[in-house]
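For the sequence shown, my numbering assigns the number -10 to the initial residue and increments by one for each residue that follows. Beneath this line is the structure, given in structure tokens, with notes to follow.
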Amino acid sequence: MRFLTLLLLCGCVLAAPRGLLAQSNTPAPALQRFGVVLLLPDAQMQERVQSIDAMATYLKAVEAAVASVTAQPGWAPNAGFVVLVVRPGPEARVWWDWQQPLPAAQQQALTAAVAALPPFVVRRGPVVVALKLGWGGAPEPQRRAPAPPEWKAVAQAAGRALPLDDLVVAAWPTAPLQAASAASAP
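Rendered as structure tokens:
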């Protein structure tokens, strides 16, 4: 519970600029954050995250990178999940779960922007978290959790639902941050 409380406080810090904009006459930012989804139980997050501040800094940097890339001309409104896995090393990988498929060049631009960011340090196993984002006025996805196409394919190949740690290992056996999914169904 301690970890969740601290992360919620970090979330408040992440949300502060959005709240301040709502009180002014400034238009809403091009990128909207709908939430942060922790995909591990509180006890595992406490055990694996070395620094909550470092994790919050990384999530803010990922959000800023996505905002910078999607602010370029030619991006149709869209929303979904940026699914991040950070494992000891530290190594990071991103999967995408958008409501509408993105052109390959846009997907690659997002992946390159996130890949350039140094991840936070984790211990004793991977940390899995998702940012629920949208741009261009796209509505918030109604799903509570992401389901990247690669993860769906791994579960389908296994013929059963897999525990998250097993799913991550199967979807990302050894390589660091690489290209991610183009989209998934809502």
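C-beta: ideal position from N, C-alpha, C; glycine also.
- Looking at the backbone, the Cα of residue 94 and that of residue 100 are separated by about 10 Å.
- For the pair of segments examined, the stretch 114 to 124 was found to touch the stretch 61 to 77: the number of CB pairs separated by less than 8 Å reaches three.
- Nearest to residue 107 by alpha-carbon distance, out of 96, 128, 87, 82, is 82.
- Counting other Cβ atoms within 10 Å of its Cβ, residue 86 reaches 16 or more and is therefore classed as buried.
- Listed as beta-bridge partners of residue 86 by DSSP are 70.
- Short of 6 Å from the beta carbon of residue 73, and not among the five residues preceding or following it, lie these beta carbons of its own chain, in chain order: 83, 118.
- For residue 22, DSSP records a beta bridge to 122.
- From the listed residues 102, 40, 160, the smallest Cα separation to residue 147 is found for 160.
- Where residue 54 is concerned, the enclosing alpha helix (DSSP H) starts and stops at 41 to 59.
- Proximity to residue 88 across 75, 105, 134 peaks at 134, based on C-alpha coordinates.
- For residue 137 and residue 152, the gap between their C-alpha atoms comes out near 15 Å.
- Rounded to whole angstroms, residue 39 and residue 52 show a C-alpha spacing of 21 Å.
- Setting aside the 5 residues that flank it on each side, residue 58 is surrounded in the same chain by 98, 99, 102, each with a C-beta closer than 6 Å to its C-beta; the list follows chain order.
- Setting aside the 5 residues that flank it on each side, residue 115 is surrounded in the same chain by 74, 76, 157, each with a C-beta closer than 6 Å to its C-beta; the list follows chain order.
- Residue 76 has 80 as its beta-bridge partners, per DSSP.
- Here residue 143 carries a helix assignment [DSSP, helix/strand/coil].
- Distances from the alpha-carbon of residue 112 to those of 80, 91, 143 put 80 closest.
- When DSSP states are grouped into helix, strand and coil, residue 110 belongs to the coil group.
- 8 Å or more divides the Cβ of residue 60 from the Cβ of residue 110.
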